[in-house]
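For the sequence shown, my numbering begins at 67 and goes up steadily by one.
For each residue, glycine too, the CB sits at the ideal point set by N, CA and C.
It should be emphasised that the depicted structure is a prediction, and the values quoted were computed from it without experimental measurement.
Read the structure below first, then the notes.
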Amino acid sequence: MTFEDKIQLLLDSRAKARLGGGQSRIDAQHAKGKLTARERIELLLDEGSFEEFDMFVRHRCTDFEMQKQTFLSDGVITGYGTIDGRLVYVFSQDFTVFGGSLSETFAKKICKVMDMAMKAGAPLIGINDSGGARIQEGVQSLAGYAEIFQRNIMASGVIPQISAIFGPCAGGAVYSPALTDFIMMSKENSYMFVTGPKVVKTVTNEDVTDDKLGGAMVHASKSGVTHFVCETEQEGLAMIRKLLSYLPQNNLEEVAPMVCTDPIDRLDDDLNTIIPDNPNKPYDVKEVINALVDNGEFLEVHRYFAQNLVVGFARFNGISVGIVANQPAVFAGVLDINASRKGARFVRFCDAFNIPLITLVDVPGFLPGTTQEYGGIIIHGAKFLFAYGEATVPKITITLRKSYGGAHCVMSSKQLRGDINYAWPSAEIAVMGASGAIEVLYARQAKEISDPEERAKFIADKVKEYENKFANPYNAAQYGYIDDVIEPRNTRFRIIRALQSLATKKDMNPLKKHDNIPL
Ligand code: HXC
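Shown next, in the form of structure tokens:
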């Protein structure tokens, strides 16, 4: 074979590998409205930046006459490239080869890029579209999954790990995405479940479709498994690029600041009127967030899940921050099991990756009731509390309105090492709301008043008295629990100044193997 022939052989092999399972399967993939594994990588990474590994890998299975059916790349495309010029490692499962199912060699390819991402300290993005374990390989395939899980666990808190689900993801295969930091699911064509509809029917006699059991909106709104949903794969990949812009490369780095085009001392007069006079009236905390952050840009995480708490990424003076805000427009912003889980996970992510936390508080307390108690609100609420208490990143808290009881302590209070705690003049920081407090304190005296009108007046007077004394920020400020009471329209500037002052903050937790967060 001449040198030229050898080069031609290489080019032919590459062309063959790029066809994956063949043109007809690529056409079938497109007919379902899905992109191929390589097309997805092209859209995700900066143009021309992808460097592929292991194109010549083939599976080694000989059972079921599998040696007669081999494909170059063996069903997963792996390598590295850049996103906005920053290094990332990727794998993208190729449904056109054995339905993207995972073989021993397929898993080895993924493990290789995971190891390289850890060594380089660069994010890892996995695109999932797979029929699960390669049935012909059996136990080899299970071992491959476990090798990946172990690496997901070791990488957790070291490099950001992001999973896109653009097709089936079922059985044990769901656990690799579940171990990563963020999951993105496409509304069409993607689903995740531990057991599919057929098994569900056999075991529980329930009739359920793929979509109803594990579609994107189910996991976005009910289970909270997915953090993001996208209408199209193109939109999903663009969102992953955007998400990465808020994250550092690894836990030892900080996010490089962006150039800020929004004046840092911009006053927003609307914020001086946003809180309704009636404390029971809702308002949309997202309006507050949009008014405060650079150019009103906010990337919401878990948008459809536990909407009584809003979390997401934004920037102040170009500095990436995580925002956690009670949402008075949904269930009065009360903390329940799901909001606690959502908040805890987000706070821990930000703390692991050196992203300062900005907390906007308007919380009437924890949600009462048997559903919550039986579901373990005590443990889940403790998670959120734990997450804030262990976080050592800069923590800035702004109390907008209510901050009652245990929920007050949870929401980045001074005693949980909140660094700078400001309150608006509308803040009400107390053990509980006025009417609840008076019911407890004056129940006996009220009972003794026989005339209903007189009793109502007695209670109303006591409520007013309590409100005057406690439904304000000054009682907390007098003890130094609130560092200052600030004018709402000036909040952006005050947050930016606070962030600047905390840029060199250092705080440590005691050395330990790991903590025992109430899971
Ligand atoms: C080998 C597989 C495969 C698998 C699909 N294929 N899944 N090959 N192992 N797990 C092949 C098909 O034979 C077919 O090959 C091609 O991929 C496309 O599959 P279709 O069925 O034609 O596609 P579609 O109709 O879109 O259905 C997709 C699907 C279905 C829903 C994923 O293929 C399916 O149910 N597959 C089996 C899923 C499963 O039971 N997996 C094991 C789960 S257990 P040709 O040659 O015709 O193109 C598991 C344990 C993991 O994953 C544990 C980890 C700890």
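| query | result |
| --- | --- |
| Using the Cα positions of S158 and D428, report the straight-line distance between them to the nearest angstrom. | 42 Å |
| Just tell me which of I201, L101, L310 has its CA closest to the CA of V387. | L310 |
| Among S167, F119, V179, I193, which one has its Cα closest to the Cα of L109? | I193 |
| Where do the ends of the beta strand (DSSP E) carrying D581 lie? | Unbroken run through D581: none, as it is neither H nor E. |
| Thinking just about the alpha-carbon of each residue, which of P491, A173, E299 is nearest to the one in D343? | P491 |
| Can you tell me whether D517 is buried or exposed, with buried defined as 16 or more other CB within 10 angstroms of its CB? | exposed |
| Out of I464, L401, A282, P434, which has the shortest C-alpha to C-alpha gap to K449? | L401 |
| Under a three-way DSSP split, which group does Q227 fall into? | strand |
| Give the C-beta separation of C326 and G281 to the nearest angstrom, bearing in mind that I take them to be a contact with Cβ-Cβ under 8 Å. | C326 to G281, Cβ: 39 Å. No contact. |
| CB P189 to CB I214, shorter than 8 Å? | no |
| Pull up the distance between the alpha-carbon of I389 and that of H293, whole angstroms please. | 15 Å |
| Using a threshold of 8 Å, state whether the C-beta atoms of G145 and V179 are closer than that. | yes |
| Spatial neighbours of A457 within its chain, please: CB distance less than 7 Å, with the 5 preceding and 5 following residues excluded, ordered by chain position. | V413, D417, L423 |
| If you scan the segment 326-387 from start to end, which runs of the alpha helix (DSSP H) of 4 or more residues do you find wholly inside it? | 351-358 |
| Should the segment 162-174 be regarded as contacting the segment 125-141, the criterion being three or more beta carbon pairs within less than 8 Å? | yes |
| Since I believe Y545 is in contact with A503 (beta carbons under 8 Å), could you give me their beta-carbon distance rounded to a whole number of angstroms? | Their Cβ separation, rounded to whole angstroms, is 19 Å, which puts A503 and Y545 out of contact at 8 Å. |
| Just reading off the alpha helix (DSSP H) that G442 is part of, what are its end residues? | Run containing G442: none; DSSP gives neither H nor E here. |
| Quick one: does the C-beta of S167 sit closer than 7 Å to a heavy atom of the ligand HXC? | yes |
| Any heavy atom of the ligand HXC closer than 7 Å to the beta-carbon of A62? | Residue 62 lies beyond the stretch modelled for the chain, which goes from 67 to 585, so this question has no answer here. |
| Any heavy atom of the ligand HXC within a distance shorter than 7 Å of the CB on Q202? | yes |
| Let me check understanding here. Comparing Cα to Cα, which of G238, Y241, I249 lies closest to I231? | I249 |
| Can you tell me which of the three DSSP states C475 falls into? | helix |
| Kindly indicate which residue of L365, Q511, A236 has the alpha-carbon position closest to the one of V266. | A236 |
| DSSP on I214, reduced to helix/strand/coil? | helix |
| Which ranges would you report for the alpha helix (DSSP H) in the segment 518-564 if only whole runs of at least 4 residues count? | 518-536, 540-544 |
| Quick one: Cα of D71 to Cα of S79, how far? | 12 Å |
| Roughly how far, in whole angstroms, is the beta-carbon of N68 from the beta-carbon of G86, given that I think they are within contact range, below 8 Å? | Sequence check: residue 68 is Thr here, not Asn. No, T68 and G86 are not in contact; Cβ-Cβ is about 29 Å, not under 8 Å. |
| Do three or more CB pairs link the segment 520-540 to the segment 558-575 at distances below 8 Å? | no |
| Given this structure, state the Cα-to-Cα distance separating A512 from K523, to the nearest angstrom. | 10 Å |
| Note down the Cα distance separating L565 from S252, rounded to an integer number of angstroms. | 36 Å |
| Just list the residues that DSSP pairs L423 with in beta bridges. | G388, K461 |
| What residues in its chain sit with their C-beta under 7 Å from that of G362, if we drop five residues either side in the sequence? | N356 |
| Starting from E70, trace the alpha helix (DSSP H) in both directions and tell me its first and last residue. | 69-84 |
| Where S196 and I107 are concerned, what is the direct C-alpha to C-alpha distance, given to the nearest angstrom? | 16 Å |
| Give the range of the beta strand (DSSP E) segment to which V295 is assigned. | 294-296 |
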